[in-house]
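Participant:
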Amino acid sequence: MNWFVVPVKPLGKAKSRLGSLVDDGRRVAAARAMLGHVLDVLGASPRCTGILVVTPDGDVARQARARGAEVLTTAGDRDLNSAVTAGCDHLFRNGETRAIVLHGDLPLIQPDDIAALTDSPPGELTLARCKDLRGTNAVVTDLPVRFAFSFGEGSHAAHVAAGRSAGLTVRTIDRPGLACDVDVPGDLVYLESLGTFAAPSSGGLPGGRLAPDQARALVGKSAGELSPRALQYTLEGFGRTVTYSPKVFLPLTQLCRDVCHYCTFAKRPKQLAGAYMRVGEVVEIARQGAAMGCKEALFTLGERPEDRYRDARAALDAMQCGSTLDYLERAARAVLEKTGLLPHLNPGCMSRDEMLRLRPVAASMGLMLESGSEALCKKGGAHFGSPDKEPRRRFETIRIAGELAIPFTTGLLVGIGETRADRVNDLLALRDIHDEYGHIQEIIIQNFRAKPGTLMAGAPDASLEELVWTVAAARLIFGAGMSIQAPPNLSPSDHAALLDAGINDWGGVSPLTSDFVNPEAPWPSLEALRASTESGGRHLVQRLTIYPSFARDLDRWADPAMQDPIRRKIDGEGFAIEQAWRPGSAIEFPTIVASRAPVEAGFRAIVARGEAGEKLDIPDIERLFQARGRAFGLVCDAADRVRHRICGDEATYVVNRNINYTNICAYKCQFCAFSKGKTHDNLRGKPYVLDLQEIVRRAREARERGATEVCLQGGIHPAYTGETYIGISASIRDSLPDMHIHAFSPLEVWHGASTLGLSLRDFLKRLQASGLATLPGTAAEILSDDVRAVLCPDKIRTDEWIEVMRTAHEIGLRSTATIMFGHVDRYRHWARHLTIIRGIQKETGGFTEFVPLPFVAEYSPIALRKSSRSGPDARESILMHAVARLVFGDLLPNVQGSWVKLGPDGLGHALAAGVNDLGGTLMDETITRSAGGANGSEMSPERLCELARRAGRGARQRTTLYERAAA
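Numbering (numbering that gives the first Met the number 0), first residue to last: 0 to 966.
1) What is the rounded straight-line gap between the Cα of R392 and the Cα of E402?
2) For I715 and L746, which I take to be in contact (beta-carbon distance under 8 Å), what is that distance rounded to the nearest angstrom?
3) Determine contact between the stretch 206 to 215 and the stretch 444 to 451, defined as no fewer than three beta-carbon pairs at a distance below 8 Å.
4) Are P686 and N662 touching if we call contact CB-CB under 8 Å?
5) At a cut of 8 Å, does the stretch 377 to 391 reach the stretch 241 to 257 through at least three beta carbon pairs?
6) Let me know the secondary structure DSSP gives R77 once reduced to three states.
7) Since V508 sits in a beta bridge, which residues does DSSP pair it with?
8) By the three-class DSSP mapping on this structure, what secondary structure does A98 have?
9) If we count Cβ pairs, one from each stretch, closer than 8 Å, do we get three or more for the stretch 473 to 488 versus the stretch 222 to 241?
10) In its own chain, which residues sit with a C-beta less than 6 Å from the C-beta of K337, not counting the 5 before and 5 after it?
11) Scan the stretch 315 to 368 and note each continuous beta strand (DSSP E) run of 3 residues or more that stays entirely inside, going in chain order.
12) For P6, report the span of its beta strand (DSSP E) as first-last.
13) Using DSSP bridges, identify the partner residues of N662.
14) Cα separation between A98 and L116?
15) Can you tell me whether M349 is buried or exposed, with buried defined as 16 or more other CB within 10 angstroms of its CB?
16) Out of A161, A575 and A127, point me to the one whose CA is closest to L101's CA.
17) Look at the Cβ atom of F588, then the Cβ atom of Q440, and state whether they are nearer than 8 Å.
18) Distance, Cα to Cα, G573 vs R551?
19) Quick one: using the 10 Å Cβ neighbour count with 16 as the cut-off for buried, is P736 buried or exposed?
20) Are there 16 or more other CB atoms within 10 angstroms of the CB of F298, so buried, or fewer, so exposed?
21) Using only CA atoms, which one of R358, Y308, A313 and D310 lies nearest to R329?
22) In whole angstroms, what separates the C-alpha of H679 from that of R64?
23) Look up V855 in the DSSP assignment and say whether it is helix, strand or coil.
24) Report the residue from R949, D118 and A912 whose alpha carbon sits nearest the alpha carbon of V894.
25) Which two residues bound the contiguous alpha helix (DSSP H) that contains D141?
26) Within the same chain, show all residues whose beta-carbon is closer than 6 Å to that of G888, passing over the 5 residues directly before and after it, in chain order.
27) Would you tell me roughly how many angstroms separate the C-alpha atoms of S363 and T409, rounded to the nearest one?
28) For T168, which three-state DSSP category applies?
29) Can you name, in chain order, every residue of its own chain whose Cβ lies under 8 Å from the Cβ of P871, other than the five neighbours on each side?
30) Quick one, are the C-beta atoms of V241 and W505 less than 8 Å apart?
31) Compute the distance between the beta-carbons of V413 and Q445, then report whether it is under 8 Å.
32) Does the stretch 530 to 543 come close enough to the stretch 272 to 282 to have 3 or more Cβ pairs within less than 8 Å?
33) Within the chosen definition, does the stretch 299 to 312 reach the stretch 371 to 384 through at least 3 CB pairs nearer than 8 Å?
34) For L755, which residues of its own chain have a beta-carbon under 6 Å away from its beta-carbon, when the five flanking residues on both sides are left out?
35) Under a three-way DSSP split, which group does P968 fall into?
36) Take the Cβ of R133 as the centre, count every other Cβ of all protein chains shown within 10 Å, and call the residue buried at 16 or more, exposed below.
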């Protein structure tokens, strides 16, 4: 894991030695811009796992969080070395094993520099020198830190000496991007001489985003001159993914107190059947949309019509609503509660109190700036007579949304009388607000189209040149990280030009309702939109109204009432789950849609390295889990070829029986629907305990039905000790000496050893002597303690699970390895988990197979308490098997698919994605069924063989240790 620690002193004290060249305001702006550039480069790098900014400065903290960094707040008087030490200690406490300290004043840093740092060998101390060869601008170190940081005059020599004194191998790298910092006026002169640094008067630096003077210089450029660089930024930030949101458009009222000269949305009372849509009508449209796959309910409405029309006031009074916004709250709540669609609210300018009241019923909100030009509000302008289009009011609403952490949409309307210079100034103003709060999800660039019956009916439509120019300018001003959108229905023949200019999102598209703002422009069908997107070399991905980066941080960006409705609709990356299938369900497993869009060379290289057996690091693995469209097929096909090379084409299975000897458990695992703690009978069923006689009876019955293995696990009963587990194993051995006993998770082993006061080794030896043959590698869940703290807070830690596995392997007890995924975890956790399993396997060779276990959410307590996702989707479930195959290669030859979790059809898909083992017949599977699984409690050998045959594979029975079972 490559976590970067970026220490930043208070901006008021930053770059004080520049004072002779620039005033304080410009000095602070330069420091802010350099930090922004460093954070942008880190954020765009697939090698960067996370960013921890260490600072006492609240403004810096907001800037950092806006770019996706975590913040560690320190005391204002803490020096640089103690701040860096605090950051490294923080990462170590959270389970990280490596830190890369990087200064925030490196205006030339590029992605290749990040790669050079992350490529540093583990176990060594790597230093990046500054340009005078005496200072240090970056340090790569394992955690915990074994030396004292010595930033300051002559720090490079001091760090070398400290590292060697600690017994570390020290290496130094010299790269221009890492060496060139800004400390004295001469540094600025040097950068200007290279043509890479904006003049001090610009108040900013180039890199991911343009400085203000550079942005204003775009006015004289053509769209064709801007588009290539804008496209490059887009691909850096979003790859080939273009998003859209399937929605229903709900015009709650078309009455409005404003009189925009281009608008046909607003009507007079006599033109409408009623002042407002009825809540029942709103809900019925939303329900129809949900049935068609929509996930967003877009509420668009005129602004405060009750201030202009008696009909609106009378209608609100009749509904006992004080205002239009009160009624909006009621309608949005009804849609959310009765249909599950996520409301996006566009009610116009709002106060702080109004937004606070609406936040619990809105996944996101929006307000088009349209234009910040005051001239448009004067007589003859498009906004004359429209008090809510006053720029000051609209900027204030956007700013308040940031203060309240509301995911927000805004943008420009091109061609209503504004100039290019106006648009640039508007984009810069929006960027300033976003830099402070980080809440703007997307910038919409919408082209004006003249409409009959309006005051601007005779005005020319915005030209394609102006639209494309503005899209490209927005991309260059906001950089690689901001979503830029253009409505596809307003430029139906120009999708390619918009894609090339820098958009990465098409906005909301409805299969049901019209675009009531532009009724003359029908939405493209999803098939047509996908075709035009793929023709532009990109692939279409569905999102929610709240964008993925915001959906991944719901504690910050969503009201508690909105978190569960959002969480249940997202995958591990924050995109929308597109299929109805969930792990354990009986719903038909979906086919993953491929695309014609090409796959990036860098991604192909990762897949090729995995197929060739080269070691993949955590960023590589995380990138594989992001595979969609054609990239998904690329990963699965490569995994299948590796499976064929290692295992051949014969799928294997074991005839076994699950014996879960008790469901009473003293632990509080939040995912477990099987364990029946008596205080949780409202979530779980009746408690039971099987005595030894019943356990042995079930084992004998299994033998009579051809089983070669019994798999025994249970809750951690408070009365159980290590002797209990020894007794269970010995009883089966004495009755059935040739039955393979596969029993006791690492949690049970840890519990048993502690109750007897034995070391793990001694207790495992006693279990082994009593008949235990192998261990299930369950209780792993996710091997990251930050996830375990939520999922299973009182369970064994990651290092304890690893210790049990290593010790068992050392004494000759082999085990399986598992992962239970798709709940509160992210792809970086999955990647880290796989590397931990790989590391143990390389050391011990003791794992027999790897078993992915997709989280079954239906009756899981953490899901019932509305605190988890709804399990991985079909794409993620298959990818876990395929990626594991590429990560493990020859080290761990067996990858198993779970028919209980995936269902028969899903298992067939997994067989084409690296899986060689069908698991066991199980007889009495109860754990997944307790969580809501619907795929039965047993799968006969005949049916398993049929599943393999349908996938074009043979099948044979095996033993627990993957030997051929006796006929």
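Beta carbons are placed, not taken as given, at the ideal position from N, Cα and C, and that holds for glycine.
Facilitator: According to the data block:
1) 15 Å
2) 7 Å
3) no
4) yes
5) yes
6) coil
7) P245
8) strand
9) yes
10) V282
11) 341 to 345 and 363 to 365
12) W2 to P6
13) DSSP output for N662 lists no bridge partner at all.
14) 10 Å
15) buried
16) A127
17) no
18) 6 Å
19) exposed
20) buried
21) R358
22) Low local confidence applies: a pLDDT of 45 at H679 is under 50, so the model's placement there is unreliable, with the coordinate-based value given in what follows. So the two alpha carbons sit approximately 38 Å from each other.
23) coil
24) A912
25) Not the alpha helix (DSSP H): D141 falls in the beta strand (DSSP E), residues T135 to D141.
26) G612
27) 11 Å
28) strand
29) D570, G571, P582, F820, G821, P853, F854 and M879
30) yes
31) yes
32) no
33) no
34) G721
35) As displayed, the chain neither begins before 0 nor continues past 966, which places residue 968 out of reach and without an answer.
36) exposed
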